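> Before I ask anything, let me first share the structure, which is written out below as structure tokens.
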Amino acid sequence: MLLRGVWRAARPACRQVVVGATSSRPFRFRLFSTQEIPVPNMGDSITEGTVVEWAAEVGAALKADDLVAFIETDKVTVEVRAPTAGVLAEKLAEVDQVVEVGQLLFKLDTSDVAAAAKAAPPPPSVPAAAPPASPAPEAVPPAPPPAAPPAPAAPPSPPPAGGTARGETRVKMSRMRQRIAERLKEAQNTAAMLTTFQECDMGNLMELRKALKDEFEKTHGVKLGFMSAFVKASTAALKEIPAVNAFIDDATKEIVYRDFCDISVAVASPNGLVVPVIRDAHALSFADVEKTIAAYGKKAKDGTLTLEEMTGGTFSISNGGVFGSLMGTPIINYSPQAAILGMHATKMRPVVYNGKIEPRPMMYLALTYDHRIIDGREAVTFLKSIALKIENPARLLLDL
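The sequence shown begins at 1 in UniProt numbering and counts up by one.
Rendered as structure tokens:
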């Protein structure tokens, strides 16, 4: 059984309220059952969010698990659903209001009368009144003589300097975008970031993929890409250079080494960059990695990634090459992590291959790392190890 762990160096839902109400009229009694629904738990590290939309209006009859509201956090948009059938009795928060976990969000009337409520029939249509008869035409007086042409208008004055005559649009930052900005600045302000580069010949891996991609897809039901090879190469290199898989606990001033590899893969989504985590990537096959990446890509597009799927990670990979990036310096996903691998576009370039100058498909790899914990020698060795495994894919199969 695979065990996951860390070792440290340096010191090596809802609340229900039932209210009985009687009418002042004799012989009438009615029992109301009202549930006060709180903001649900949205993750261990999330304490608040913003109500961005109400999916149901007051008075709407709801079934169990019907969508009621959307709450946007700094990582995900959470769907709040009705825990049981009833009628939405009251909203306790407005759109754009910040709410905390456990704060009451809405009231749900679950009495028998409310649960069986149906939409009221539309009011009977009233036929439109007939238009009044038009009055008899009156005699038209003779037109007055034409007026003198007006004087030419003065030219408009130019807009004041610094004005907004040309127009601008201001859009409030979403909580996710705000959090992305905060985390990027946190990484820059905390880590001593440095980037090293390495060329990588993609020729052998591309030939292997071309030869086996159809059979791979037929066998495993998923397409064979390059990311799985980089994930597996990274996990092998992380075992060789443990410092890259570690992080600094700033609170205790300890270096924490992890004996498992959870790889965060940067994925673009309609709401911004998200980084779902491939758990125990070192123990997965190529097919398992590709299936996980494909599932995360679909969820990111649909906006259905959960907080648990984006929490953690010991090392990150970002592929700017899919957008045409030739070279870049990625920023550490400080969550906390100590390094991130940047993949870039593959371009044909003249290189010396087997003693001859030939055009080869080359990619620049970039490793941004926290220099407080990773020395330059370790960073270069780590990146060269990845490049060597990509250039010779058989090494991944033979664990070399």
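Glycine included, each C-beta is placed from N, C-alpha and C at the ideal position. All of these numbers come straight from a predicted model, not from anything done at the bench.
1) Using a Cβ-Cβ cutoff of less than 7 Å, which residues in the same chain neighbour Lys-185 once the five nearest sequence positions on both sides are dropped?
2) Can you give me the Cβ contacts of Ile-248 inside the same chain, cut-off strictly under 8 Å, excluding the 5 residues immediately before and after it?
3) Just the Cα atoms here: how many angstroms apart are Val-231 and Ala-237?
4) Starting from Leu-365, trace the alpha helix (DSSP H) both ways and give me its first and last residue.
5) Quick one: what's Gln-97 bridged to in DSSP?
6) Does DSSP classify Met-310 as helix, strand or coil?
7) Please classify Arg-209: does DSSP put it in a helix, a strand, or coil?
8) To the nearest angstrom, report how far apart Asn-333 and Val-244 are at their CA atoms.
9) Sorted by chain position, which residues of the same chain lie with C-beta nearer than 6 Å to Val-351's C-beta, five sequence neighbours on each side aside?
10) Report all residues from its chain with a CB closer than 6 Å to the CB of Val-277; omit the five preceding and five following residues, and keep chain order.
11) Output needed for Tyr-353: all residues of its chain with C-beta closer than 7 Å, excluding positions within five of it in sequence on either side, in chain order.
12) For the alpha helix (DSSP H) holding Asp-288, just list the boundary residues, first then last.
13) Can you give me the C-alpha to C-alpha distance between Ala-268 and Ser-33, rounded to a whole angstrom?
14) Which residue or residues does DSSP assign as beta-bridge partners of Gln-198?
15) Using DSSP bridges, identify the partner residues of Arg-81.
16) With 16 as the cutoff for other CB atoms within 10 Å, does Leu-398 come out buried or exposed?
17) Would Ser-24 be called buried (16 or more neighbouring beta carbons within 10 Å of its own) or exposed?
18) Return helix, strand or coil for Ser-264, following the three-state DSSP convention.
19) My assumption, with CB atoms under 8 Å, is that Val-387 sits in contact with Leu-365. Please give the rounded CB distance.
20) With Gly-321 as the anchor, note down where its beta strand (DSSP E) starts and where it stops.
21) Can you say whether Leu-326 is buried or exposed, counting buried as having 16 or more other CB atoms within 10 angstroms of its CB?
22) Can you list, in chain order, the residues of its chain whose CB lies under 7 Å from that of Gln-103, leaving out five sequence neighbours each side?
23) Using DSSP with H/G/I as helix, E/B as strand and the rest coil, what is Asp-399?
24) Got a sec? Which residues, its chain only, sit under 8 Å from His-220 by beta carbon, not counting five neighbours each side?
25) What first and last residue would you give for the alpha helix (DSSP H) that runs through Lys-347?
26) Just mark Thr-216 as buried or exposed, buried being the case when its beta carbon has 16 or more other beta carbons within 10 Å.
27) Return yes when the Cβ of Val-101 is within less than 9 Å of the Cβ of Leu-62, no when it is not.
28) Between the alpha carbons of Ile-46 and Ala-266, how many angstroms are there, rounded?
29) Whole angstroms are fine: how far does the CA of Gln-198 sit from the CA of Ala-345?
30) Report, in whole angstroms, the separation of the C-beta atoms of Gly-321 and Pro-330, which I expect to be a contact under 8 Å.
31) With Lys-273 and Ile-180 assumed to form a contact (beta carbons below 8 Å), what rounded beta-carbon distance in angstroms separates them?
32) Considering Ile-255, what are the terminal residues of the alpha helix (DSSP H) in which it resides?
33) Return the chain-ordered list of same chain residues with a C-beta closer than 7 Å to the C-beta of Asp-109, the five sequence neighbours on each side being excluded.
34) Under the assumption that Asn-41 contacts Met-176 (Cβ atoms under 8 Å), give the Cβ distance between them as a whole number of angstroms.
35) Quick check: the Cα distance between Asn-189 and Ala-251, rounded to an integer number of angstroms?
In terms of the structure at hand:
1) none
2) Glu-254, Ile-255, Val-256, Pro-336, Ala-338, Asp-370, Arg-372 and Ile-373
3) 10 Å
4) No alpha helix (DSSP H) contains Leu-365, which is instead part of the beta strand (DSSP E) from 356-370.
5) In the DSSP output, where bridge partners are listed per residue, Gln-97 has none listed.
6) helix
7) helix
8) 13 Å
9) Arg-360
10) Asp-262, Ser-264, Gly-312 and Gly-313
11) Arg-360
12) 286-302
13) 45 Å
14) Leu-365
15) Leu-67
16) exposed
17) Note that Ser-24 has pLDDT 42, beneath the 50 cutoff, so the model's placement of it is unreliable and the number below is only indicative. So Ser-24 ends up on the exposed side.
18) strand
19) Residue 387 is actually Ala in this sequence, not Val. Rounded, the Cβ-Cβ distance is 6 Å, consistent with contact.
20) Taken as a continuous stretch (DSSP letters only), Gly-321 belongs to no beta strand (DSSP E), as it is neither H nor E.
21) exposed
22) Pro-38 and Val-39
23) coil
24) Ala-287, Glu-290 and Lys-291
25) It is not in any alpha helix (DSSP H) - Lys-347 instead sits in the beta strand (DSSP E) that spans 346-353.
26) It is Phe, not Thr, that sits at residue 216 in the sequence shown. Answer is buried; the Cβ neighbour count reaches 16.
27) no
28) 21 Å
29) 13 Å
30) Between Pro-330 and Gly-321 the Cβ distance is about 12 Å, and since that is not below 8 Å, they are no contact.
31) The amino acid at residue 273 is misidentified as Lys; the sequence shows Leu. At roughly 6 Å, the Cβ-Cβ gap stays under 8 Å, so Leu-273 and Ile-180 are in contact.
32) Here Ile-255 belongs to no alpha helix (DSSP H); instead the beta strand (DSSP E) covers 254-258.
33) Phe-32, Thr-34, Gly-86, Val-87 and Ala-89
34) Contact flag wrong, Cβ pair sits at about 19 Å.
35) 16 Å
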